[in-house]
Amino acid sequence: MRASSIFSSVLLAAALTGCSGELPPEGGPSPSPYTALPPAKTTVSGLVFDPEAFHFAAATFPAPPEESPPRILVLGIPYLTRAVPVGARVSVMNGATVADASEPVTPGATWQVGQGVPTDDTIAYALRAEAASPAGIVIGAEEDFPAPFFEPMPQARYHPTTSLSVMRTLNTSCVSQLAMVVGEAGALSALSQRTGKSIANLVKDGVALVWVLAPGFFFDFENNPLGGVAMTKEAGPGTVYALDWAMPGTVARQSPMGFYVSSEPVSALGYYAVVVPPGAASEPVALGLTDTVTTPEGEEPGEMGPRPYPLAPASFEVRPGVVSVLRTYAFPSLSFPPPPEDEEYVPSTDLSILCRF
Amino acid sequence: MKSFPKILLLPLVVLVTSCDVFNVEDNEGTRGRGAAAFDPYSSSASGAISLSLLAFNGCAILPNGEPVTRGDLELPGYPDQCDFLNDGFFGLGPARPPTARLTVVRNSLYFLRELSLTDALVNTSHMNFADKQTPATWMRKHSRFKSLDWSGLTVGRENWKSLGYGSFQREVFYENAAWMVSDDDTLKVEVVDSAGVIRTTQTYSRQDFLAENPVTGRTRASWMTTGVGAPRFPGDTEPQPGSINPPLYHTAVKVSFANSTNPFKTFRIPDISGEGVIRVTWSLMPEEPFLFPITFVREQERESTCYKLGADGLATTEQVPCGFGLEQAVHLNTPKNGKYYMPGETMDLLVSLRDGDGNGLHQRDLLPSWNDFMGGQSNGIGYFNDRMLLNFRDTSSTESGFKVVGPLQDLKTVYGTYALPYFSYPVSGEPQFYVTPGMPDAFPGYAAAKQPTRYSVKLSDNAKPGTYLVMLKGHRAVDGERLNRLDSFFFQVGQEQKTTYPGQIGNCQTCHNGVNSLDNLHHGLSVDNVEACKTCHFEPQVGHVSDFIHRMHMSSRKYKQNKSDCTLCHLTRESAVRPSLVACNSCHLNSHGTEYFDVLFEDLQNTPNAYGNCANACHGVTPPAGHILPTK
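Structure follows, in structure tokens:
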């Protein structure tokens, strides 16, 4: 080897050794990639609507049923647009505590809480909606759905309303949550007329409204009431009232929206109320639901199979001071074959962001 | 006197350069492996901004698909009304006046990085499944590209992509037209002010762009049928029932050149206000320039919609103007033992997206909503827009999200199964998107919801020890710049000792260096992490690595290597000897002719299928003599 090569190698090594202070030390600790993050929070967002206004808008839509839009909770469906409670605020409740709340709702119907709620899937959160200010809530989207072509939506005072469907933070984002708010133009007025109790006392003592809905394909966004389902109280306080609807001004003791307490025990609409006496709201109410309708033999059943549909019982506390609302679905009566034994694994779709399935 | 041996100068050189020989950052502090200003491209730090120009059915569009208005400009040749590709892929609504604006920054240097022009018919025509002639006639005689030289056009590859559960997308490619194979054509870019004065000009050649290959989704002329079932036999002319009945039809010519090989070829936007137009004249269509109305904006007058970062690297509430660029960071929650996660433990990660100047692009805890993105209110953050994919046939892909995989040593290519030999979240090919495609339309209120920056990933109970990877996939478009980034972050599970990739494939930087660095291409994944590509690309819906990587290079006229020489990219023999219909057909179009035809259409998870190692006895034990393979 040439002397110059040796010499240059030595010099080069020396020069590079002088650089080694800039290299990360071998085997030494690397900067930690970890941070002490604060406790996780879950963002919560969704829609808010008045289910009675939704029904009113659908029932009075000026087109034959076969030409009318479907009853589905999707932006753009006119029934939903007319049922948006402009000026409502949605809160995510952990018991009696507000975990977080939204800004007042605009005609866009959507809401999102400001900071998020603690992520803990053991907590049964509930959604509560109410007027954000003394100015109250405006309903009906009158500018886009003017009279006389569209039946004017009665305006009313709205009461704090809690959904009885539990929300669990199965993800750091809970989307498409359905909050509801109910006013005095619907069942509350009809119940007041029937029971003789003022609406204020009905709410103060505790009242629950239960919608029985037909099974659908699209999670709980389809909103078709299912008449002919009997709802009976199995245990707990309160009286069950079957509710029905007709065009306002056609039946005695109707509410401004057209709801009334039915004289029949089984609601032809699929809508019930549980009115609780004073001081009894802390006890749970257990309800049984039975489909009393049978698809006649020979008649082609619907996509969800023939009736009677199976239904799950319901059990909940009717909270005093708020209107409690439950949407409960019948199940399809279809029977599906079990998956083949040797079916290969395919990852399932993650629906945890819906926080309820 | 003997001359001074020059070799003795070498250590002097080292000392003079201040010992930078092992520093992989250049003196501008840009990240990456190289020392050149564009390796990788780093927005303002690179000295010139990459410009992407897109057009759909004659109207300029933004990367979110919204058509661009000409404003108050008199612009003959630019439509008053535009098709809105975001109307849907079942059909476009009526044309109507556009409102979006393409802004460019005054007095800034730009270089053309992408020109993508699509002319498409969306589910309105060419609905005869058996007729491959009529779509081609439309392209040649009626499309916006009818004046091109279409001589030599032939029906090329017919690609069937599985959509899952027995449903497919059939795409017939028309290839070999003279304009497609041209190599000496040019694109003259002129910036014109509102008075019609040309303020600056730059001319690019076709060769100034790396990507033009239909395999990568660039220039393509294709006729697509979506939602059909598998054909009963080769050449079946009747569409079989699939997931969409009747199926959707889409005919398009897309002229697309992307990824600049010469970003030093720049032009300066004039320092003027108001409106103007970027006019691109293609030498193959000299009488029909493409017009992109622009609005000149001043960088200093950008609204303060970004967020100053705090000492913790997360957004504060102080708002500042945004700059160009996209940098991604992730914060991982400290594991319970302080050093590494254990199997079964939940890992929390917090995503932080910044511009190239270090400003936060979003609030600390929330990302913009889908509506923010579509309305141009997301500080440029992009989400997966399936209409851009299906109507525009986009490839640069606006999607963003994350994926967690590991340990690195177990990241092996999978063939025909979802039972992965490594931990993956999600398990499916695609990442966990911040905004899931399809959901803004389907789920009430989702489009308006701001998504979280915080995510929890539970490691499997049998997660193996080693180094794991979080990949952040990001997209940002602002003031003409359009960027993709796929950044990698590492953490430990089960042990402190680091592990690394299997070392099966590599050497991409042999060609993909400098301005052509992988950081600058497509997703923007660094060459250090190419062995992570397979963790998404094992499903037909997003393409299997053994398919499109081969096809991309084999059909590229820029890939000059011996196509039989597998050793350039395959570092081990094992990685190069795994025959399957998918792998073999990637180079040898129809490797088995009509044999095993039905296997080609079997779902990924069912064996036998096109991914199976069915040819091991034939082509594995005794590999084809024409393949030059690694010896071990």
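As you go down the protein sequences, you meet chains Z and D in turn. Letter by letter, the first sequence follows residues 7 to 363 of my numbering. Letter by letter, the second sequence follows residues 26 to 657 of my numbering. From the three backbone atoms N, C-alpha and C, an ideal C-beta is built for every residue, glycine too.
Q) What are the start and end residues of each continuous beta strand (DSSP E) run of 3 or more residues lying completely inside the stretch 301-327 of chain D, in chain order? A) DSSP runs (the beta strand (DSSP E)) wholly in the stretch 301-327 of chain D: 315-322.
**Q.** Nonlocal neighbours in the same chain, by C-beta distance under 7 Å from D/LEU35, ignoring five residues either side
**A.** Low per-residue confidence applies at D/LEU35: pLDDT is 40, beneath 50, and the placement is therefore not dependable, though the value from the model is reported in the following sentence. Closer than 7 Å at the Cβ level, and outside the excluded window around D/LEU35, lies no residue.
Q) If you drop the 5 nearest sequence neighbours on each side, which residues of the same chain put their C-beta closer than 7 Å to that of D/ARG144? A) In the sequence under discussion, the amino acid at residue 144 of chain D is Asp, which differs from the Arg named in the question. Its chain contains ASN82, SER168, ARG169, PHE170, ALA277, VAL278 as the residues whose beta carbon lies nearer than 7 Å to that of D/ASP144, once the 5 sequence neighbours on both sides are disregarded; these appear in chain order.
Q. Taking C-alpha atoms, which residue in D/ASP208, D/PHE258, D/LYS483 lies nearest to D/MET367?
A. For D/MET367, the nearest C-alpha among the options comes from D/LYS483.
Q. Is DSSP giving D/GLN158 helix, strand or coil here?
A. DSSP places D/GLN158 in helix when its eight states are reduced to three.
**Q.** Nearest neighbour of D/ILE319, chosen from D/VAL429, D/LEU334, D/PRO469, D/LEU76 [CA to CA]
**A.** From the listed residues D/VAL429, D/LEU334, D/PRO469, D/LEU76, the smallest Cα separation to D/ILE319 is found for D/LEU76.
Q.
I want to know whether the stretch 348-356 of chain D touches the stretch 395-402 of chain D - three or more CB-CB distances under 8 Å.
A. Contact between the stretch 348-356 of chain D and the stretch 395-402 of chain D is absent, with fewer than three C-beta pairs closer than 8 Å.
Q.
I need the straight-line Cα distance from D/ASN631 to D/GLN194, nearest angstrom please.
A. Looking at the two C-alpha atoms, the distance is approximately 19 Å.
Q) Which residues, in chain order, does the stretch 470-498 of chain D contribute to contact with chain Z at a C-beta distance below 7 Å? A) Closer than 7 Å at the C-beta level to chain Z, one finds these residues of the stretch 470-498 of chain D: GLY470, TYR471, ALA473, ALA474, LYS475, GLN476, PRO477, ARG479, TYR480, SER481.
Q. Of the choices D/LEU134, D/ASN287, D/THR535, whose alpha-carbon is the least far from that of D/ALA70?
A. Cα-wise, what sits closest to D/ALA70 is D/LEU134.
Q | 7 Å Cβ cut-off: residues of chain D touching Z/GLU350 | A | Chain order gives the chain D residues near Z/GLU350 as GLN630, ASN631, where near means a beta carbon separation below 7 Å.
Q. Taking the continuous beta strand (DSSP E) assigned at D/GLN227, which residues delimit it?
A. Where D/GLN227 is concerned, the enclosing beta strand (DSSP E) stretches over 223-230.
Q: Measure from the C-beta of Z/ASP150 to each C-beta in chain D and report whether the shortest distance is under 9 Å.
A: Chain D contact via Cβ: absent.
Q. Cα separation between D/LEU705 and D/PHE317?
A. It is not possible to answer for residue 705 of chain D, since the shown part of chain D is limited to 26 through 657.
(Q) By the 8 Å beta-carbon criterion, what residues does the stretch 381-407 of chain D contribute toward chain Z? (A) Within the stretch 381-407 of chain D, the qualifying residues are ASP390, LEU391.
**Q.** Start-to-end residues for the alpha helix (DSSP H) that takes in D/THR128
**A.** Counting along the chain, D/THR128 sits inside no alpha helix (DSSP H); it lies in the beta strand (DSSP E) bounded by residues 128-130.
Q. For the alpha helix (DSSP H) that D/TYR274 lies in, which residues bound it at each end?
A. No alpha helix (DSSP H) holds D/TYR274; the beta strand (DSSP E) holding it covers 273-285.
Q. What are the residues of the stretch 62-84 of chain Z that lie near chain D, defined by any Cβ-Cβ distance shorter than 9 Å?
A. For the stretch 62-84 of chain Z, residues whose beta-carbon sits nearer than 9 Å to a beta-carbon of chain D comprise ILE78, LEU79, VAL80, LEU81.
Q. Using the beta-carbon count (16 or more within 10 Å), is Z/MET253 buried or exposed?
A. Its Cβ having fewer than 16 others within 10 Å, Z/MET253 is exposed.
Q.
Tell me the DSSP secondary structure of D/GLY352 in three-state form.
A. Looking at the sequence provided, one finds Glu at residue 352 of chain D rather than Gly. The answer is strand: DSSP assigns D/GLU352 an E or B state.
(Q) Please report the distance separating the alpha-carbon of D/THR548 from that of Z/THR41. (A) Per the sequence shown, the amino acid found at residue 548 of chain D is His instead of Thr. If I take the Cα positions, the gap works out to 27 Å.
Q. For D/PHE626, which residues from the same chain have a beta carbon less than 6 Å from its beta carbon, with the 5 sequence-adjacent residues on both sides left out?
A. Result list for D/PHE626: ALA255, in chain order.
Q. So with Cβ pairs under 9 Å, would you call Z/LYS239 a contact of chain D?
A. At a cut-off of 9 Å between C-beta atoms, Z/LYS239 does not count as an interface residue with respect to chain D.
Q | Contacting positions in the stretch 344-362 of chain D - beta carbon closer than 9 Å to chain Z | A | Those residues of the stretch 344-362 of chain D that come within reach of chain Z (Cβ to Cβ, closer than 9 Å) are VAL355, HIS356, LEU357, ASN358, THR359, PRO360.
Q: Flag this pair as yes or no: are the beta carbons of Z/ARG77 and Z/ALA59 separated by less than 9 Å?
A: Contact flag unset, no.
Q.
Residues of the stretch 431-461 of chain D in Cβ contact with chain Z at a cutoff of 9 Å, in chain order, please.
A. Going along the stretch 431-461 of chain D in chain order, one finds THR442, TYR443, ALA444, PRO451, VAL452, SER453, GLN457, THR461 with a Cβ nearer than 9 Å to chain Z.
Q) Quick one: what does DSSP say D/GLY549 is sitting in, helix, strand or coil? A) Coil, per DSSP.
Q) Quick check: the stretch 236-245 of chain Z against the stretch 169-185 of chain Z, are there 3 or more CB pairs under 8 Å? A) Verdict: no, contact absent.
Q: Take Z/ALA107 as the anchor and find which of Z/ALA153, Z/GLY114, Z/GLY120 has the nearest alpha-carbon.
A: Nearest in C-alpha terms to Z/ALA107, of all of Z/ALA153, Z/GLY114, Z/GLY120, is Z/GLY120.
**Q.** Coarse secondary structure for D/GLY470, derived from DSSP in three states
**A.** Three-state result, D/GLY470: coil.
**Q.** Given 8 Å, three or more beta-carbon pairs between the stretch 200-212 of chain Z and the stretch 512-528 of chain D
**A.** They do not touch, by the three-pair rule.
**Q.** Selection of the stretch 175-199 of chain Z by Cβ proximity to chain D, strictly under 7 Å
**A.** Correct list: THR178, SER179, VAL181, SER182.
(Q) Rounded to the nearest angstrom, what separates Z/VAL260 and Z/THR245 at their Cα positions? (A) According to the sequence provided, residue 260 of chain Z is Gln. The question's Val does not apply to it. Spanning the alpha carbons of Z/GLN260 and Z/THR245 requires a straight line of approximately 19 Å.
Q | Whole-angstrom distance between Z/LEU79 and D/PRO469, CA atom to CA atom | A | One alpha carbon belongs to D/PRO469, the other to Z/LEU79, and they sit about 7 Å apart.
Q: Can you pull the chain D residues whose beta carbon is under 8 Å from the beta carbon of Z/ALA132, in chain order?
A: None at all; the shortest Cβ gap to chain D is about 18 Å.
Q.
Just checking: is the beta-carbon of Z/GLY122 within a distance shorter than 9 Å of some beta-carbon in chain D?
A. Yes, Z/GLY122 counts as interfacial toward chain D.
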